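Mapping the sequence shown onto the UniProt record's numbering, position 14 (from 1) lands on 14, and the numbers just tick up by one.
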Amino acid sequence: MISLLTTFTALAENWLNHGGDLNNRRYASKETKISPKTVSKLSLEWEFYAGKDISATPSIFNGTLYFPSWNGQIYTVNASAGSLVWKKNIRNLTGLSPKPGLVADVNWTVSRATPTIVVDHDLLIIGVYGPAFVVAVRRSTGELVWSTQLDQNPAAVITMSGTYYKGSFYVGTSSLEEELSIEECCRFRGSFCKLDVESGEILWKTFTLPYNNGKTGAYAGAAIWGSSPSIDIHRNHEAGPGSIGGGGTWGAATDEKMIYTNIVNSAGKNFTLKPSNKTTTSGGWVAMDARNGEIQWSIADPSNGLAFGPVTLANGVLFAGSTHGKGPIYAMNAQTGKVLRSYNTGGTVYGGMSVSNGCIYIGNGYTVIIKQAAQNWPNHGGDLYNRRYANKEKKISPETVSKLHLKWKFYAGGDISVTPAIFNDTIYFPSWNGNLYAVKASDGSLVWKKNLQKLTGFNNTGFVLNVNSTVSRSTPTIAGDLLLVGLFGPAVVIAVKKSNGNLVWSTRLDDHARGFITMSGTYYKGAFYVGTSSIEEGLSVELCCTFRGSLAKLDAKTGRILWQTYMLPDNFGKTGEYAGAAIWGSSPSIDSVRNNVYIATGNLYSAPLHIQQCQEEENNQTAPTSPDKCIEPENHSNSILALDLDTGKIKWYKQLGGYDVWFGACNWHLNPNCPPRPSPDADFAEAPMMLSIYVNRVKYDIVVAVQKSGFAWALDRDNGSLVWSMEAGPGGLGGGAMWGAATDEKRIYTNIANSQHKNFTLKPSKNTTIAGGWVAMDAKNGNLLWSTANPSNATAPGPVTVANGVLFAGSTYRQGPVYTLNAKTGKIMWSYDTGATIYGGGSVSNGCIYMGTGYKVTVGFVNPNYTSGASVFAFCVS
């Protein structure tokens, strides 16, 4: 809806584009009737109903308004009466179709930018919000004159309102490529173009980044997307869109005395309303001295909304709108910031106002969103890099985390120890009761559930304590329209339809009776990468062991094994040879530039006699940073490895921890047939995380994994050489680190389970605990930044999750507390008792964290401190 608020008739002022004039000032310099003294007389003159949201600043020329709507129409309306002059459907007019799926609930061709008036021609120039076309129509009739494509990238769009000057049109290109999947992103390069207004011919085009050959992994981005270019006729310059930083979007304004800007405050941070000491977590508006930038006043949005819309200035009055549902617009004294007049339009105000002839014109409504702007969580690691990092999260922050509250609780009926997967408002997770669930993320309602034993026909192995059905214990992996799930016995991967849970295929990766899948795999370019593990460590000395861990690549559509690489030499099913090296925690990380997949492995279950004899002679103490003579090149236990994505060939490996033969029957070494000590059981219970660090302005691409020994390792992605290592905390049979660290590329965050309740020094302090806890290290060098003890004095084996400066973690304490920690300081900011042991991790999306409870199965069954649970909890910021 377009609304007109008016005082009384005055001399007309044209508003030629988003910025209003050649200087992009958003300043109605000719306005004389609107003023701080008269603004209280503003009244609603008319409303024009367009049928859908309007978020562009209307352009004005000689008593006529021009604006697009998100319904795909361009409108021309009489400014004095609000009557329709003409309207055109952009798709019908141009024949253009958008790339499907980029904008939620918009499946038609639209424009979102203010049309540009060509003052000395009967033309109106319009940017299309995908594909990246600029079109010119007759201003008088809407008839198409020409159309020109500025970028062929399928995600490219025009969001800028261009500027006309002396026969030419200047405009930038932008894209929605940021919202694509990791596999697709990113190739787009922003550009700035000059077009001939009569023909649409591109006269020149300048890119903002070096050429990338259309390949990912090179420079991409640098879109030119907001406001309007400003033209300097004296210097013969076309400047890019001026935007005041610190949260300002879509356009500041100036009268050359002061600079006025909105502050969106989309993350809800503490916003100090300088020069006062007052604060708000809403958006607001700020005025600065144009000479030196000194802040003159700041005002919070009175409706406690966000302030996305650009500001507009007219004769001492600043106009602005709010995203609050009632759609308030405000008129403020430009000198003091005092609100002089307000009016509720009835719908969110996301756009800006144009001013002419004693009137302001404003559209309302903004229900459209960019698809996938919310965080998807496609596997245990959360992304291709296994970072457990909600990098798109904006709502949760250290400032807002105290507002977390229980939104819903879904009762599954059995323990849930996985990190739920998330895709487009649906979460997916298995329970230890043998069911696989799909649940609506917004309200916790059931979408579908499947019993894995009935679905697959595989019977319970009988090897898992307190489990009487076929189960999965790993996070499902999102793979297009499929969900890929590993079974916790037998070692089978299944694919089900994401929409209904129906079985598509099943593939067995290992015939070993005690072979299982505990890893949550990673999907990349049509393939699924996942490791195999086992519970053979539970056998007697006489029977143990023959299992060998492996990494497999499967065709995601068919389940066909494309390659499978084992971590140990073939033992031909015989005991007394190499066995173990399971690949069991977290998710493999994918390096598309090097064509690598990175994994980490577990300990040996058994070793050949000559290796045991070597250990007897050397008496190695498995110092993690020292070479071990008893480690042969083909022994890839307790190792980090890089494998070729296409062939599975091992490109490099790094064995970390030395001799380590462990299985349950020899934990206390009471049987004379047990292998020689030491046997620390120092698995890698997680795959490496991929990240890049900068040291003295030099970029290093690394992988980082934290071991059950408590040691963190950073290796060079090119060759596996050691970059840094750090002892984060004490190791133990159950960790040390377990199930998954996290990184925001500034810091490495890990749990320290401290399963054996050793003295744990909370470095860099000298405080100690015998509980578990959480640790942060500098990603550049591993230096310990903070360590925080579990306040419930219990162990902490669950993986951590980081989101926008907040670290999430859980405790095995029987009341099941969830904690949020300040990622910078380690200070606990919020907690909630779920009522049952937390052994799994949380996934984060759109202001919410999802976490399951309960672990009275496997080793948890015999732990008197663990409790069973039955629910997934959704905690969201209000």
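Every residue gets a Cβ at the ideal spot worked out from N, C-alpha and C, and that includes glycine. The structure displayed is predicted, hence computed values, not measured ones.
Counted within 10 angstroms of its Cβ, other Cβ atoms place residue i as buried (16 or more) or exposed
i       : result
Ser-765 : exposed
Tyr-694 : exposed
Ser-168 : buried
Pro-864 : exposed
Gly-245 : Because the pLDDT of Gly-245 is 32, which lies under 50, any placement of that residue in the model is unreliable, and the question is left without a value.
His-237 : Reliability fails at His-237, whose pLDDT of 47 lies under 50, so the model's placement of it is uncertain and no value is given.
His-380 : buried
Gly-669 : As written in the sequence, residue 669 is His, which differs from the Gly given in the question. Result: exposed.
Leu-11  : Interpretation of Leu-11 is limited by its pLDDT of 38, a score under 50 that renders its predicted location unreliable; no figure is taken from the coordinates.
Pro-115 : buried
Thr-426 : buried
Tyr-598 : buried
Arg-291 : exposed
Val-877 : buried
Thr-820 : buried
Val-493 : buried
Gly-242 : With a pLDDT of only 34 at Gly-242, under the threshold of 50, the placement of this residue in the model should not be trusted, and no figure is reported.
Glu-201 : exposed
Ile-233 : exposed
Asn-767 : exposed
Nearest candidate by alpha-carbon position, reference residue i, set the options
i           : options                               : result
Ser-356     : Ser-322, Leu-313 and Asn-376          : Leu-313
Met-738     : Asn-638, Asn-767, Ser-586 and Trp-432 : Ser-586
Gly-798     : Gly-810, Met-689, Pro-791 and Asn-767 : Gly-810
Leu-645     : Phe-188, Ala-527 and Asp-232          : Ala-527
Leu-465     : Thr-858, Phe-67, Gly-521 and Ala-870  : Thr-858
Gly-226     : Asp-255, Ser-191 and Ile-770          : Ser-191
Trp-774     : Ser-755, Phe-760, Thr-750 and Thr-761 : Thr-750
Ala-682     : Thr-601, Ser-354 and Tyr-411          : Thr-601
Leu-22      : Pro-229, Glu-179 and Leu-568          : Pro-229
Ala-753     : Leu-784, Tyr-813, Ser-721 and Asp-628 : Tyr-813
Gly-95      : Val-110, Asn-783 and Glu-617          : Val-110
Asn-635     : Trp-584, Arg-594, Ser-550 and Leu-455 : Ser-550
Asn-14      : Thr-64, Leu-568, Asp-481 and Val-145  : Thr-64
Val-157     : Leu-176, Gly-347 and Gln-564          : Leu-176
Asn-696     : Asn-781, Ser-40 and Thr-272           : Asn-781
Ser-275     : Asp-289, Val-264, Gly-268 and Gln-612 : The question names Ser, but residue 275 in the sequence shown is Pro. Closest option to Pro-275, Cα to Cα, is Asp-289.
residue 879 : Thr-867, Trp-250, Tyr-211 and Val-118 : As shown, the chain starts at 1 and ends at 878. That puts residue 879 outside it, with no answer to give.
Asn-17      : Val-39, Gly-142, Tyr-170 and Trp-146  : Tyr-170
Leu-715     : Tyr-653, Ile-224 and Asp-628          : Tyr-653
Integer-rounded CB distance, given that residue j should sit under 8 Å from residue i
i       : j       : result
Val-485 : Leu-436 : 6 Å
Tyr-578 : Pro-608 : 6 Å
Gly-573 : Ser-606 : The pair is not a contact, with the Cβ atoms about 13 Å apart (cut-off 8 Å).
Phe-463 : Arg-514 : 6 Å
Ala-132 : Thr-163 : That belief does not hold up - the Cβ atoms of Ala-132 and Thr-163 are roughly 17 Å apart, past 8 Å.
Ala-253 : Arg-25  : 6 Å
Met-690 : Tyr-219 : Contact doesn't hold; Cβ gap of about 19 Å is too wide.
Asn-376 : Ile-422 : 6 Å
Lys-651 : Asn-596 : 6 Å
Cys-848 : Ala-874 : 5 Å
Strand pairing of residue i, partner residues [DSSP]
i       : result
Pro-672 : DSSP lists no partner for Pro-672.
Val-137 : Leu-124 and Leu-144
Gly-531 : Leu-551
Leu-508 : Going by the sequence as given, residue 508 is Arg instead of Leu. Answer by DSSP bridge pairing, in chain order: Val-492.
Val-723 : Answer is none; Val-723 lacks a bridge partner.
Asn-89  : Gln-73
Ser-59  : Tyr-66
Pro-328 : Asn-344
Met-258 : Asp-289
Pro-430 : Leu-436
Beta carbon proximity, residue i to chain B, threshold 8 Å
i       : result
Asp-591 : Absence of chain B from the displayed structure is noted, only one protein chain being present.
*Assess, as a yes-or-no matter, whether the stretch 702-711 is touched by the stretch 723-735 under the definition of 3 or more beta carbon pairs within less than 8 Å.*
By the C-beta criterion, the stretch 723-735 is judged to be in contact with the stretch 702-711, since at least 3 inter-stretch pairs fall below 8 Å.
_Counting beta carbon pairs with one atom in the stretch 492-503 and one in the stretch 441-452, are three or more of them shorter than 8 Å?_
Short answer: they touch.
*Flag this pair as touching only if the stretch 346-364 and the stretch 18-37 have three or more C-beta atom pairs under 8 Å; answer yes or no.*
Of all C-beta pairs linking the stretch 346-364 to the stretch 18-37, three or more are shorter than 8 Å, placing the two stretches in contact.
_Segment contact, 8 Å Cβ cut-off, at least three pairs: the stretch 834-854 with the stretch 792-806_ = The stretch 834-854 makes contact with the stretch 792-806; the number of CB pairs closer than 8 Å reaches 3 or more.
*Is the stretch 327-346 close to the stretch 86-101, with three or more CB pairs under 8 Å?*
No, because fewer than three Cβ pairs between the stretch 327-346 and the stretch 86-101 fall closer than 8 Å, the two stretches do not touch.
*How do the stretch 684-699 and the stretch 550-558 stand: do at least 3 beta-carbon pairs fall below 8 Å, yes or no?*
Counting Cβ pairs under 8 Å, fewer than three are found: no touch.
*Three or more C-beta pairs below 8 Å linking the stretch 280-289 and the stretch 52-67*: Counting C-beta pairs with one atom in each stretch, the stretch 280-289 and the stretch 52-67 have fewer than three that are closer than 8 Å, which means they do not touch.
*Per the contact definition of three or more C-beta pairs closer than 8 Å, is the stretch 37-52 in contact with the stretch 128-142?*
Verdict: no, contact absent.
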